[in-house]
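Enquirer:
Numbering (this note's numbering), first residue to last: 1 to 336.
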């Protein structure tokens, strides 16, 4: 199958007064039709520049973007405008028209596309039902909560039946409960319509909640790309570890000790492996950090354990955990 999105050697350089800024450098990835794909990184990593290159709102300095095999760089202005109707985009700050009510906000892109007022209004009412705002059709943006505004923005984007939805920090301005509701809505839209969704975020929790695969950006470069489960269980780069491992700050004080990170999935989450481990070697362990997360509807967890000083026993404990098919990563940064 041809990927719905292909980024090939994408780079974008901005000229500034004192020289130039390489916002993204030699980015390569593919996204399959119907996938929810995350692009994650800290502020300044180049995420927003990258997502704007995917629909050529920013023209890459080098490289190619292909949508369904078509090279966007080779399209005429008219062809590119037509292609962009197939690529919806939602933003952190909603970008609703304040002087228009909800129904008219949703109708707006259909008006531009030449759809009749009657057909546009009927479609808008259907979309309001999809996003759970049937009773808000006459309300104005100033009368809506942040979550409701984002639902209107999503309905507006869906009006032209896009194949692709680009979400640029779409939940960053929302509280955790509202964020979860919006992510559930995006998952439902993905299931109902088969729309491919690209999620740009700096929050690992968002990626874990909704994405199938994810790419990690750092300083304009793609440093790691894999399934979200693999990324959580075994991040390979320091950039990925910083995003995945929220407990690291808690163990920084533990100098001169062997510290490991243990990850477990839905099948092993309720087995008393750590308790059995302490009993097997008659040696206590120090649990420095523990957490569970939901990734694509399944429970995953992590624990940070401080091992005993005795190297032989510590080595045996690591083997014991690995033999039970749990993920183990020794945090060498904190070995004394």
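Glycine included, each C-beta is placed from N, C-alpha and C at the ideal position.
Since this is a predicted model, take the numbers as computed values, not measurements.
Taking 8 Å as the threshold, find out whether the region 195 to 212 comes into contact with the region 164 to 171 through three or more Cβ pairs.
Expert: Contact between the region 195 to 212 and the region 164 to 171 is present, with at least three C-beta pairs closer than 8 Å.
Enquirer: Taking only runs that begin and end inside the region 74 to 123, name each unbroken alpha helix (DSSP H) of 4 or more residues, in chain order.
Expert: 77 to 84 and 102 to 112
Enquirer: Opposite residue 294 in the DSSP bridges: which residues?
Expert: Counting from 1 along the chain shown, the entry for residue 294 is found at position 294. Note: residue 294 sits in a beta bridge opposite 299.
Enquirer: On the three-pair Cβ rule with 8 Å, is the region 188 to 196 touching the region 13 to 21?
Expert: no
Enquirer: What number of angstroms, rounded off, separates the C-alpha of residue 282 from the C-alpha of residue 239?
Expert: In the chain shown, counting from the first residue as 1, residue 282 sits at position 282. In the chain shown, counting from the first residue as 1, residue 239 sits at position 239. Their Cα atoms are separated by approximately 37 Å.
Enquirer: Do you know how far the Cα of residue 2 is from the Cα of residue 209?
Expert: Working through the chain shown from its first residue, we reach residue 209 at position 209. Working through the chain shown from its first residue, we reach residue 2 at position 2. Approximately 27 Å between the Cα atoms of the pair.
Enquirer: Taking C-alpha atoms, which residue in 102, 112, 189 and 113 lies nearest to residue 125?
Expert: Looking up residue 125 in the chain shown gives position 125. Comparing Cα-Cα distances from residue 125 to each of 102, 112, 189 and 113, the minimum goes to 102.
Enquirer: Does residue 188 come out as helix, strand or coil in the three-state DSSP assignment?
Expert: Indexing the chain shown from 1 puts residue 188 at position 188. Helix, per DSSP.
Enquirer: Kindly list the residues whose CB is nearer than 6 Å to the CB of residue 247, restricted to its own chain and excluding five residues on each side of it in sequence; keep chain order.
Expert: Mapped onto the chain shown, residue 247 falls at position 247. Since pLDDT at residue 247 reaches only 47, below the 50 mark, its modelled position is unreliable, and no value is offered.
Enquirer: Return helix, strand or coil for residue 135, following the three-state DSSP convention.
Expert: Along the chain shown, one-based indexing puts residue 135 at 135. Looking at residue 135 - three-state DSSP - the assignment turns out to be helix.
Enquirer: What's the C-alpha gap between residue 119 and residue 110?
Expert: Looking up residue 119 in the chain shown gives position 119. Looking up residue 110 in the chain shown gives position 110. About 9 Å.
Enquirer: Between 277, 258 and 279, which has its C-alpha nearest residue 309's C-alpha?
Expert: In the chain shown, residue 309 corresponds to position 309, counting from 1. Per the Cα distances, 258.
Enquirer: Using the DSSP secondary-structure output, state which residues sit across from residue 165 in a beta bridge.
Expert: The residue given as residue 165 occupies position 165 in the chain shown. Per DSSP, the beta bridge partners of residue 165 are 88 and 197.
Enquirer: Considering only the alpha carbon of each residue, which of 298, 28 and 286 lies closest to residue 214?
Expert: As a first step, residue 214 is located in the chain shown; it is residue number 214 there, counting from the start. Nearest in C-alpha terms to residue 214, of all of 298, 28 and 286, is 28.
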